[in-house]
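Undergrad:
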Amino acid sequence: MCGITGVMYFEDREPTEASLKQMTDVIVHRGPNDEGFWTENRIGLGFRRLSVIDIKEGHQPLANEDETVWIIFNGEIYNYKELRTMLKERGHIFRTQSDTEVIVHLYEEFGEDCVKHMRGMFGFVIWDRKKKQLFGARDHFGIKPFYYHVSDRQFLFGSEIKSLLAAEGMNRLIHTDSLLNYLTFQYVPEPHTMFQGIYKLPPAHSVTITFEGKMTLHKYWDPMFEPEEKPFDYYVEQIREGLKESVKLHMVSDVERGCFLSSGIDSTAIATHMRNIEPIRTFSVGFDGANNETPIAAQTAATLGTEHYDKIITQDDFFATMPKAIWHQDEPVADPSAIALYHVAQLAREHVTVVLSGEGADELFGGYRIYREPQSLKPLDGLPPSVKRMLNRFARILPSGVKGRNYVLRGTTPLEERFLGNAKIFSEDMKAEVLRLDSEMLRAYKNPVQIAGDYYNKTKHLDPVSRMQYIDMNLWMPGDILMKADKMTMAHSLELRVPFLDKELFEVARRIPAKYRIANGTTKYIFRKAMEGIIPDPILNRPKLGFPVPLRDWMKGAMGDMVMDQIKTSGIEDYIDIEAVEKMLHKHRIGQGDYARRLWTLYIFALWHKTFMEELPKRVLTAY
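Under the UniProt record's numbering, the first residue of the sequence shown is numbered 1, with each subsequent residue one higher.
1) Measure the CB-CB distance between residue 532 and residue 119 and report whether it falls below 8 Å.
2) Quickly, what does DSSP pair residue 252 with across the bridge? List them, please.
3) Flag this pair as touching only if the segment 124 to 136 and the segment 184 to 193 have three or more C-beta atom pairs under 8 Å; answer yes or no.
4) Spell out a yes or no on whether the segment 297 to 305 and the segment 255 to 273 are touching, meaning 3 or more CB-CB pairs, one atom from each, closer than 8 Å.
5) The beta strand (DSSP E) that contains residue 82, what's its start and end?
6) If you count every other CB in all the chains shown that lies within 10 Å of the CB of residue 569, and 16 or more means buried, which is it?
7) Are there 16 or more other CB atoms within 10 angstroms of the CB of residue 509, so buried, or fewer, so exposed?
8) For residue 32, which residues of its own chain have a beta-carbon under 8 Å away from its beta-carbon, when the five flanking residues on both sides are left out?
9) If you run the structure through DSSP and keep just helix, strand and coil, what is residue 633?
10) State the Cα-Cα distance for the pair residue 499 and residue 280, rounded to the nearest angstrom.
11) Relative to the alpha-carbon of residue 282, which residue among 225, 318, 358 has its alpha-carbon at the smallest distance?
12) Just curious, the beta strand (DSSP E) that residue 59 is in, first and last residue?
13) How would you label residue 558, buried or exposed, when you count the other beta carbons within 10 angstroms and need 16 or more for buried?
14) Is it the case that the Cβ atoms of residue 75 and residue 121 are separated by a distance below 8 Å?
15) Where does residue 463 fall in DSSP's three states?
16) Run through DSSP, which three-state label would residue 477 get?
17) State the Cα-Cα distance for the pair residue 78 and residue 236, rounded to the nearest angstrom.
18) Can you tell me whether residue 606 is helix, strand or coil according to DSSP?
19) Rounded C-beta distance between residue 520 and residue 528? I'm assuming under 8 Å.
20) Taking contact to mean at least 3 C-beta pairs separated by less than 8 Å, is the segment 266 to 281 in contact with the segment 390 to 400?
21) Only counting runs of 4 or more residues, tell me where the alpha helix (DSSP H) segments fall wholly within the segment 248 to 324, in order along the chain.
22) In this structure, how does DSSP classify residue 32 when only helix, strand and coil are distinguished?
23) Under the criterion of a Cβ to heavy atom distance below 7 Å, does residue 4 qualify as lining the ligand MG?
24) Whose C-alpha, out of 401, 440, 475, 433, is nearest the C-alpha of residue 419?
25) Ignoring anything shorter than 4 residues, give me the alpha helix (DSSP H) runs that lie fully in the segment 526 to 575, in order along the chain.
26) Exposed or buried, residue 363, counting other C-beta atoms within 10 Å across all chains shown (16 or more means buried)?
27) Does the beta-carbon distance from residue 247 to residue 353 come in below 8 Å?
28) Just to confirm before moving on: does the CB-CB distance between residue 555 and residue 596 stay below 8 Å?
29) DSSP state of residue 13, grouped into three classes?
30) Put residue 74 into one of helix, strand or coil per three-state DSSP.
31) Cutting at 6 Å between CB atoms, please list the residues of its own chain near residue 84, excluding the five before and the five after it.
32) Just list the beta strand (DSSP E) runs in the segment 119 to 159, keeping only unbroken ones of 3 residues or longer that don't cross its boundaries, in chain order.
33) Please return the same chain residues whose Cβ sits closer than 6 Å to the Cβ of residue 313, not counting the five positions on each side in sequence.
34) Quick one: give me the first and last residue of the beta strand (DSSP E) that residue 47 is part of.
35) Assuming the contact rule is C-beta atoms closer than 8 Å, residue 572 and residue 609 should be a hit. Round their C-beta distance to whole Å, please.
36) Pull the bridge partners of residue 199 from the DSSP assignment, please.
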């Protein structure tokens with residue numbers, strides 16, 4: 001795992017090592033073991049390395065034999081040994097044992113189609129001296145980040161936004177549409193970021209750019225669900241074998257490995273497969289209170305026979321972490337579990353360099369409770385459209401809390417409007433109440449329904465559950481789940497790997513009929529069946545908790561005052577109506593609604609604004 005950054009100038013100037021070093025120094029946490037630079041004409045490549053595979057010889061930037069192809073690479077290619085064998089049979093000569101060099105020769109052999117042969121997580125850039133072009137790519141699911149900025153002067157890229165901000169002449173302005181969408185999604189959906197002019201390369205995309213400034217984006221893969229009717233037991237066996245193989249591949253490294261362990265089925269399945277291969281260390285965190293997962297995780301660890309470590313996060317621990325976590329995130333992501341992930345990564349890094357984790361299982365196999373909704377709403381499906389519209393209007397005028405109101409409202413609202421992914425914090429009406437923006441701006445921007453609509457339009461042939469999973473695969477997973485997984489672990493120079501997000505395992509998952517994924521009101525039904533006899537029985541049907549954070553209760557106490565103080569003093573009054581936020585907190589405290597997540601979303605934006613908009617360049621240009 002590493003950090004990459006670099007530049008292509010469209011004018012006659014050459015990058016200096018000093019300018020590249022400024023861009024890499026702010027991401028030293030991604031690669032504390034080594035650094036490297038390479039410049040030629042108008043191209044500059046910078047690199048920070050966390051040594052995991054081929055520790056002695058994996059220095060980057062790295063070139064082929066005649067130095068016509070140069071690469072900087074962040075990630076891991078899990079099938080690199082098979083690819084290396086295939087390439088050697090085709091006459092390629094290798095000088096190292098690294099997976100990085102495999103990509104170089106794979107590019108020589110297959111050109112831009114090289115990504116189609118790779119099984120892993122990656123963000124890389126290749127300088128092709130013969131074609132005089134840069135070629136970059138991001139992995140199939142968006143596990144590894146890739147940011148870029150393009151203007152009439154230059155193309156900048158990096159593993160983190162702060163590298164781009166460290167480059168000469170970068171403006172720091174808020175992208176207003178992104179703020180509006182953040183308030184709904186709790187993250188900024190691809191391809192935008194909260195910064196004007198800085199973009200994410202979407203998952204499963206590549207980019208080419210020439211000295212003339214011609215940039216081409218290409219989507220090389222699509223995580224589309226394609227259900228096929230086959231026996232239930234066939235898919236059970238496919239899941240068992242697929243996950244077993246993926247975990248084995250994800251364990252390849254030359255450093256110590258461990259596993260995050262919660263109370264649920266996903267991390268337990270991975271830990272079990274790892275423990276069947278070698279003794280392992282496991283790690284968990286929790287909070288005081290009813291939803292503390294650590295005792296259950298400790299019991300699971302004892303059953304599996306792992307060397308287990310855990311930690312209770314206090315409210316003081318949680319808030320002391322916030323400035324560092326926000327700095328590492330680059331963008332506001334209002335998922336409270338990101339802070340828990342920061343702490344468990346910190347704990348794990350005291351013992352290992354690589355951890356495996358359970359991200360992606362819910363998106364692949366139908367694990368979120370909201371995926372049960374299409375089944376529960378079926379009684380309303382057959383109603384004529386005119387009746388649905390009438391019931392919807394009636395439900396909207398009923399007071400909140402009236403029994404059945406929410407059921408009728410959701411059942412008479414089209415899926416494309418009611419489900420925008422796993423988080424929906426502010427509605428458009430709520431935004432109008434809290435924002436100090438021009439009303440025309442609220443009407444004219446590409447809103448969350450339109451963003452999700454781009455993906456819904458591709459899935460009209462699918463069942464509702466598959467459509468919902470496709471939305472989450474393209475929005476929620478890269479925008480929230482994988483962003484925090486990468487940033488919160490790399491904050492501690494810890495490499496996180498996600499065996500569920502293996503393209504071969506997805507080939508199994510994409511073909512499983514929805515009736516096997518959600519059955520009898522049970523989420524991830526077929527996956528639970530596949531794990532019978534493999535993981536302890538009590539865990540098979542345990543409800544999902546994740547990293548539950550007691551925000552609702554905390555917000556009623558001193559934490560609410562702290563949040564409000566930050567919002568008041570952060571300089572966001574041009575965007576946010578502070579008086580409206582104070583009313584929100586008051587209602588939360590007197591029990592007139594649960595506003596905890598909305599307050600938290602505004603608080604994270606305020607902290608981000610303070611860090612990246614008010615304290616620049618001191619904080620951003622100095623590594624935390």
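Note that the Cβ used here is the ideal one computed from N, Cα and C, for glycine as well.
If you're wondering where the values come from, they're calculated on a predicted model, not measured in any experiment.
TA: Working from what's here:
1) With contacts defined by Cβ atoms closer than 8 Å, residue 532 and residue 119 do not form a contacting pair.
2) Residue 252 pairs with nothing; no bridge assigned.
3) Not touching, per the Cβ criterion.
4) Flag = yes, the segment 297 to 305 and the segment 255 to 273 touch.
5) Per DSSP, residue 82 is not a residue of any beta strand (DSSP E); the alpha helix (DSSP H) it occupies stretches across 80 to 89.
6) Around the beta carbon of residue 569, a 10 Å sphere encloses fewer than 16 other beta carbons of the protein chains shown; the residue is thus reported as exposed.
7) By the 16-neighbour rule on beta-carbons within 10 angstroms, residue 509 is buried.
8) Excluding sequence neighbours, residue 32 sits near 48, 50, 493.
9) Nothing can be reported for residue 633: it is not among the residues displayed for the chain, which extend from 1 to 624.
10) A direct Cα-Cα distance of roughly 16 Å separates residue 499 from residue 280.
11) Nearest of 225, 318, 358 to residue 282, Cα basis: 358.
12) Segment: none, residue 59 is in no beta strand (DSSP E) and carries neither H nor E.
13) Burial check for residue 558: the Cβ neighbour count within 10 Å stays below 16, so the residue is exposed.
14) Yes, these two residues count as a Cβ contact at 8 Å.
15) Note: residue 463 maps to coil in three-state DSSP.
16) In the three-state DSSP reduction, residue 477 falls in the helix class (H, G or I).
17) Each residue's Cα considered, the two are about 24 Å apart.
18) Under the three-state reduction of DSSP output, residue 606 falls in the helix class.
19) In fact, because the Cβ distance is near 11 Å, the residues do not count as touching under 8 Å.
20) With the cut-off at 8 Å, the segment 266 to 281 and the segment 390 to 400 do not touch.
21) Complete alpha helix (DSSP H) runs here, min 4: 265 to 275, 294 to 304.
22) Strand.
23) Looking at this structure, you won't find the ligand MG or any other ligand, since it has none at all.
24) Ranking 401, 440, 475, 433 by Cα distance to residue 419 puts 475 first.
25) Residue ranges of uninterrupted alpha helix (DSSP H) with 4 or more members, entirely inside the segment 526 to 575 and ordered along the chain, are 537 to 540, 551 to 554, 558 to 569.
26) Answer is buried; the Cβ neighbour count reaches 16.
27) Not closer than 8 Å, so no.
28) Yes, these two residues count as a Cβ contact at 8 Å.
29) Three-state DSSP puts residue 13 in coil, outside helix and strand.
30) Judged by DSSP in its simplified three-state form, residue 74 adopts strand.
31) Within the same chain, 102 come within 6 Å of residue 84 by CB-CB distance, once the 5 residues on both sides are set aside.
32) Runs of the beta strand (DSSP E) lying entirely within the segment 119 to 159, each at least 3 residues long, are 120 to 128, 133 to 138, 147 to 150, 154 to 158 in chain order.
33) 285, 287, 343, listed in sequence order.
34) Residues 43 to 49.
35) So it is a contact: roughly 5 Å between Cβ atoms.
36) Bridge partners of residue 199: 148, 192.
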